[in-house]
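Peer 1: With the sequence shown counted from 1, adding 1 to any position gets you the working numbering.
Idealized CB from N, CA, C, for every residue including glycine.
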Amino acid sequence: MYCPFISVCGDTAVTCGRTRRTVSNKCCVFPFTYEGKQYDTCIWGGPSTSYWCATTDNFDRDEQWDICKGVKCYICTSDVSWSHCESYQQAHTCPHIYDECLKLSKEEENTYSSKLFRKRCTSNKLCTAYNPTCEGPDVVKCDFSCCMGDLCNSASYAQIELLSVLMVSVWFLFLYS
Numbered sequence: 002m003y004c005p006f007i008s009v010c011g012d013t014a015v016t017c018g019r020t021r022r023t024v025s026n027k028c029c030v031f032p033f034t035y036e037g038k039q040y041d042t043c044i045w046g047g048p049s050t051s052y053w054c055a056t057t058d059n060f061d062r063d064e065q066w067d068i069c070k071g072v073k074c075y076i077c078t079s080d081v082s083w084s085h086c087e088s089y090q091q092a093h094t095c096p097h098i099y100d101e102c103l104k105l106s107k108e109e110e111n112t113y114s115s116k117l118f119r120k121r122c123t124s125n126k127l128c129t130a131y132n133p134t135c136e137g138p139d140v141v142k143c144d145f146s147c148c149m150g151d152l153c154n155s156a157s158y159a160q161i162e163l164l165s166v167l168m169v170s171v172w173f174l175f176l177y178s
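#1: By how many angstroms is the C-alpha of residue 53 removed from the C-alpha of residue 117?
#2: Could you tell me the alpha carbon to alpha carbon distance between residue 132 and residue 126, rounded to whole angstroms?
#3: When the Cα atoms are used, what is the spatial distance from residue 135 to residue 152?
#4: Once you ignore the five residues that flank residue 154 on each side, which residues in its own chain have a CB closer than 7 Å to its CB?
#5: On the three-state DSSP scale, how would you describe residue 87?
#6: So does the stretch 107-116 actually touch the stretch 28-37, counting three or more Cβ pairs closer than 8 Å?
#7: Taking the alpha helix (DSSP H) that residue 74 falls in, what are its first and last residues?
#8: Hey, out of 84, 95, 80, whose CA is closest to residue 23's CA?
#9: Just checking my contact of residue 139 with residue 109 at CB under 8 Å: how many whole Å lie between their CB atoms?
#10: Look at the Cβ atom of residue 70, then the Cβ atom of residue 93, and state whether they are nearer than 8 Å.
#11: Can you give me the Cβ contacts of residue 142 inside the same chain, cut-off strictly under 6 Å, excluding the 5 residues immediately before and after it?
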């Protein structure tokens with residue numbers, strides 16, 4: 002199996018493209034071999050009645066596994082602004098099928114203008130192709146980004162831009178004072 006992205010989880014586990022923890026805080030190892038087939042995500046069946054992953058590269062040989070834990074993301078929705086959304090965002094442990102966090106803003110123009118600002122759980126498969134929320138004849142602007150890692154969808158674009166301006170200002174003051 003070709004592995005375009007290498008991730009490190011813990012001290013020793015090297016995974017293919019994503020880091021995933023289990024309910025016991027162990028590292029999933031992707032890809033792993035189960036019944037002679039390689040898997041690059043948590044699977045259902047076999048030794049568990051929940052989604053699980055191997056904690057070594059070969060379950061058939063080692064029989065080491067644990068139940069998958071979902072990523073932790075901020076969740077909020079607003080039709081006003083990012084600051085309104087973030088004023089009541091909550092940290093949420095996502096179901097195990099979600100391995101990424103989403104941040105999305107959308108504007109529509111039809112008989113009236115509408116806006117959507119959203120943070121939520123999502124999966125890598127939904128992030129690599131396109132986001133169906135961005136489809137439709139009335140969509141005039143739609144930006145979305147996905148990230149891996151707990152609470153990675155914390156800052157809005159405005160906060161990131163403000164932080165960048167502040168860092169440059171401090172650097173400028175330091176340089177010329």
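Peer 2: According to the structure shown:
#1: 34 Å
#2: Whole-angstrom Cα-Cα distance: 10 Å.
#3: Each residue's alpha carbon lies about 23 Å from the other.
#4: 74, 75, 102, 103, 104, 120, 148
#5: helix
#6: no
#7: Counting along the chain, residue 74 falls outside any alpha helix (DSSP H), though it belongs to the beta strand (DSSP E) covering 73-79.
#8: 95
#9: About 4 Å separates the two Cβ atoms, so the contact holds.
#10: no
#11: Within the same chain, residue 142 has close Cβ partners 108.
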